[in-house]
Amino acid sequence: MSEAMNIEQLLEIIDHSEAAVLHEYVTDVNAVDVARCAQQLDDRQLWKLCYLLQSEDLAKVLEQAEEEFAVRMVQSITNDELIDVFGYMQKDDIADLIGNLPIVQRKALINQMLEGDRKIICTLMDYPPDSAGGIMNTGYIALEEDDTVSRGMAKIRQIANRSEVIETIYVVNRSRQLVGTANLRVFLTADKNTKIKDVMKEKPVFVHPEDDQEYAAKLVSRYDLNSLPVVNHRGSILGIITVDDIIDVIVEEYNEDILELGGVNSEETLNSTLQESVKHRLPWLLVNLATAFLASLTVRSFESTISQVVALSATMTIVTGMGGNSANQVQSILVRQLSQDEVPGSKLLKCFRKEILVGMIDGMITGFVTAVIVSVLYQNVFLGIIILVAMTGNMMVAGTFGFLVPVILKKLGVDPAVSSSIFVTTATDVLGFFIFLSLANVFLPYLL
Numbered sequence: 520m521s522e523a524m525n526i527e528q529l530l531e532i533i534d535h536s537e538a539a540v541l542h543e544y545v546t547d548v549n550a551v552d553v554a555r556c557a558q559q560l561d562d563r564q565l566w567k568l569c570y571l572l573q574s575e576d577l578a579k580v581l582e583q584a585e586e587e588f589a590v591r592m593v594q595s596i597t598n599d600e601l602i603d604v605f606g607y608m609q610k611d612d613i614a615d616l617i618g619n620l621p622i623v624q625r626k627a628l629i630n631q632m633l634e635g636d637r638k639i640i641c642t643l644m645d646y647p648p649d650s651a652g653g654i655m656n657t658g659y660i661a662l663e664e665d666d667t668v669s670r671g672m673a674k675i676r677q678i679a680n681r682s683e684v685i686e687t688i689y690v691v692n693r694s695r696q697l698v699g700t701a702n703l704r705v706f707l708t709a710d711k712n713t714k715i716k717d718v719m720k721e722k723p724v725f726v727h728p729e730d731d732q733e734y735a736a737k738l739v740s741r742y743d744l745n746s747l748p749v750v751n752h753r754g755s756i757l758g759i760i761t762v763d764d765i766i767d768v769i770v771e772e773y774n775e776d777i778l779e780l781g782g783v784n785s786e787e788t789l790n791s792t793l794q795e796s797v798k799h800r801l802p803w804l805l806v807n808l809a810t811a812f813l814a815s816l817t818v819r820s821f822e823s824t825i826s827q828v829v830a831l832s833a834t835m836t837i838v839t840g841m842g843g844n845s846a847n848q849v850q851s852i853l854v855r856q857l858s859q860d861e862v863p864g865s866k867l868l869k870c871f872r873k874e875i876l877v878g879m880i881d882g883m884i885t886g887f888v889t890a891v892i893v894s895v896l897y898q899n900v901f902l903g904i905i906i907l908v909a910m911t912g913n914m915m916v917a918g919t920f921g922f923l924v925p926v927i928l929k930k931l932g933v934d935p936a937v938s939s940s941i942f943v944t945t946a947t948d949v950l951g952f953f954i955f956l957s958l959a960n961v962f963l964p965y966l967l
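When you read off a place in the sequence shown, starting at 1, and then add 519, the result is the number in this note's numbering.
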């Protein structure tokens with residue numbers, strides 16, 4: 520069986536109690552497919568699946584399962600069986616799973632663990648889930664710098680099966696402080712009597728356990744690492760963060776930014792209750808309502824002008840709509856750059872000027888096209904001129920606020936993705952209406 524599993528195949532395996540087929544699939548293909556399909560099982564079917572899975576295979580499925588479903592799977596087996604499964608799981612995955620269990624079961628499981636495992640798990644659980652310490656694991660290889668390559672290789676053979684990453688070897692001094700790293704390839708090619716400190720790479724990149732997981736992801740991306748060491752303030756290595764964990768962080772942060780750009784809480788899903796969804800969405804909708812009234816009041820102040828020239832009501836939304844789209848372009852680019860710390864303060868003014876210039880050029884071109892069409896439709900050149908000037912001005916407004924709002928939020932220590940679109944859209948709507956209707960008021964005699 521080499522293709523991705525579907526729910527029908529999984530049900531057939533369960534119905535026929537084909538434990539060997541299930542083991543072969545998990546071993547040869549991928550446990551993530553089993554975890555994905557199993558979410559559709561009812562409690563009885565899930566219990567039978569857990570019964571058919573060997574402890575090592577169940578560990579693989581639990582590591583690949585979504586948090587809520589992993590908890591549901593755990594409820595299908597006893598604590599004794601779960602302790603046995605933990606023997607095949609990485610410590611960080613165990614800590615994440617236990618942290619989502621009910622307090623009573625959590626305490627019972629921790630008390631059943633060996634003292635060494637209990638200490639590691641409790642330490643991992645003490646760190647915030649979105650910190651470097653919260654996503655690190657303890658499956659790494661650390662060798663002393665004064666050891667020879669030969670002795671180092673012997674130690675690697677002894678502990679490699681318990682380590683999640685063996686490509687990167689971490690080198691420590693006699694005080695267990697991290698002093699360098701070495702690639703496994705170096706060990707395979709170096710003279711066996713060479714000391715490890717002579718083949719290691721000094722000044723390794725690292726994070727502290729309290730650092731944000733997003734910062735860790737940036738370091739892995741920037742320096743093209745396959746793992747990142749986590750050290751305490753004494754310089755002693757506590758664990759490592761692997762690429763698969765970093766990928767999860769990147770996906771999580773991306774989803775969070777996308778949701779917050781739209782004024783949606785990152786904790787909300789389609790499975791959220793009615794009360795939770797209303798609670799998460801309503802506050803930003805009320806803020807949006809308040810800003811919408813600003814645009815409405817702007818239009819209201821020009822009611823007499825609009826009532827005399829009906830064409831204004833049909834064309835003014837073009838100006839604000841284009842301004843909003845232009846602002847979203849600027850904002851999207853800037854939010855991405857700021858999230859990656861790729862905008863040096865010295866370049867902000869230059870970038871700001873460029874965005875205003877881009878807005879002006881885009882506004883003149885799109886405004887000219889719109890002006891031609893509007894002039895023909897309404898047989899009035901002056902209305903076309905108003906559209907051209909207003910759209911150019913509002914595009915410049917879009918560049919200004921699309922740039923400034925995320926930068927200001929970043930300076931205030933707020934995630935620049937947090938609903939900045941609401942404030943930017945308000946600026947383009949209010950100022951767009953104001954520019955357009957003010958010009959219409961000035962040229963009113965030529966529009967009648």
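Just so it is clear, CB atoms sit at the ideal spot from N, CA and C, and this is done for glycine as well.
Quick one: what does DSSP say residue i is sitting in, helix, strand or coil?
{"i": "Asp619", "result": "Before going further, note that residue 619 is Asn rather than Asp in the sequence given. Reduced to three states, the DSSP call for Asn619 is coil."}
{"i": "Val726", "result": "strand"}
{"i": "Ile596", "result": "coil"}
{"i": "Leu662", "result": "strand"}
{"i": "Asn960", "result": "helix"}
{"i": "Lys711", "result": "coil"}
{"i": "Met520", "result": "Caution applies to Met520, whose pLDDT of 46 falls short of 50 and renders its modelled position unreliable; the value that the coordinates give is listed next. Here Met520 sits in coil by DSSP."}
{"i": "Ile807", "result": "First, the residue type needs correcting, since residue 807 is Asn and not Ile in the sequence shown. It is helical."}
{"i": "Tyr734", "result": "helix"}
{"i": "Val690", "result": "strand"}
{"i": "Asn702", "result": "strand"}
{"i": "Pro802", "result": "helix"}
{"i": "Leu816", "result": "helix"}
{"i": "Leu757", "result": "strand"}
{"i": "Ser650", "result": "strand"}
{"i": "Ser746", "result": "strand"}
{"i": "Leu697", "result": "strand"}
{"i": "Asn899", "result": "coil"}
{"i": "Thr657", "result": "coil"}
{"i": "Glu721", "result": "strand"}
Taking its Cβ as the centre, do 16 or more other Cβ atoms sit within 10 Å of residue i, making it buried, or is it exposed?
{"i": "Cys641", "result": "exposed"}
{"i": "Ser826", "result": "exposed"}
{"i": "Pro1027", "result": "Within the shown structure, residues of the chain are numbered from 520 to 967, placing residue 1027 beyond reach of any answer."}
{"i": "Lys615", "result": "The sequence given here has Asp at residue 615, not Lys. Buried, by the Cβ-count rule."}
{"i": "Ile660", "result": "buried"}
{"i": "Gly842", "result": "buried"}
{"i": "Pro647", "result": "exposed"}
{"i": "Leu923", "result": "buried"}
{"i": "Gly932", "result": "exposed"}
{"i": "Ser746", "result": "buried"}
{"i": "Ala589", "result": "buried"}
{"i": "Ile526", "result": "exposed"}
{"i": "Met520", "result": "In this prediction, Met520 has a pLDDT of 46, which is less than 50 and means its spatial position is unreliable; nothing more can be read from the coordinates."}
{"i": "Pro964", "result": "exposed"}
{"i": "Ala709", "result": "buried"}
Hey, out of the options, whose CA is closest to residue i's CA?
{"i": "Leu902", "options": "Lys866, Leu831, Asp666", "result": "Leu831"}
{"i": "Trp803", "options": "Ile639, Ile941, Met592, Val623", "result": "Ile941"}
{"i": "Glu585", "options": "Gln631, Arg681, Asp767", "result": "Asp767"}
{"i": "Leu967", "options": "Pro925, Asn899, Leu956, Val916", "result": "Asn899"}
{"i": "Phe812", "options": "Ala554, Glu686, Cys556, Ala946", "result": "Ala946"}
{"i": "Val691", "options": "Gly671, Val684, Ser682, Glu683", "result": "Gly671"}
{"i": "Leu633", "options": "Val829, Glu683, Ala701, Asp603", "result": "Asp603"}
{"i": "Gly658", "options": "Val891, Val623, Ile892, Met608", "result": "Met608"}
{"i": "Val818", "options": "Lys716, Leu956, Val895, Gln848", "result": "Leu956"}
{"i": "Asp948", "options": "Ala578, Gly921, Asn712, Ile927", "result": "Gly921"}
{"i": "Tyr742", "options": "Val724, Leu529, Gly754", "result": "Val724"}
{"i": "Ser845", "options": "Ser820, Asp666, Ile880", "result": "Ile880"}
Compare the beta carbon distance of residue i and residue j with 7 Å and say whether it is the shorter of the two.
{"i": "Gly882", "j": "Met835", "result": "no"}
{"i": "Leu958", "j": "Val908", "result": "yes"}
{"i": "Ile769", "j": "Leu697", "result": "no"}
{"i": "Glu587", "j": "Asp612", "result": "no"}
{"i": "Ile884", "j": "Gly912", "result": "no"}
{"i": "Leu628", "j": "Asn656", "result": "no"}
{"i": "Ile906", "j": "Val893", "result": "yes"}
{"i": "Ala917", "j": "Gly886", "result": "no"}
{"i": "Ser536", "j": "Trp566", "result": "no"}
{"i": "Val705", "j": "Val684", "result": "no"}
{"i": "Met524", "j": "Asp552", "result": "yes"}
{"i": "Glu772", "j": "Glu733", "result": "yes"}
{"i": "Thr736", "j": "Val726", "result": "Correcting the residue type first, residue 736 is Ala in the shown sequence and not Thr. Taking 7 Å as the Cβ cut-off, Ala736 and Val726 do not qualify as a contacting pair."}
{"i": "Thr713", "j": "Val668", "result": "yes"}
Report, in whole angstroms, the separation of the C-beta atoms of residue i and residue j, which I expect to be a contact under 8 Å.
{"i": "Thr919", "j": "Ile852", "result": "Between Ile852 and Thr919 the Cβ distance is about 15 Å, and since that is not below 8 Å, they are no contact."}
{"i": "Gln760", "j": "Val749", "result": "One point to set straight first is that residue 760 is Ile, not Gln, in the sequence displayed. So it is a contact: roughly 6 Å between Cβ atoms."}
{"i": "Val943", "j": "Gln850", "result": "6 Å"}
{"i": "Leu662", "j": "Ile688", "result": "6 Å"}
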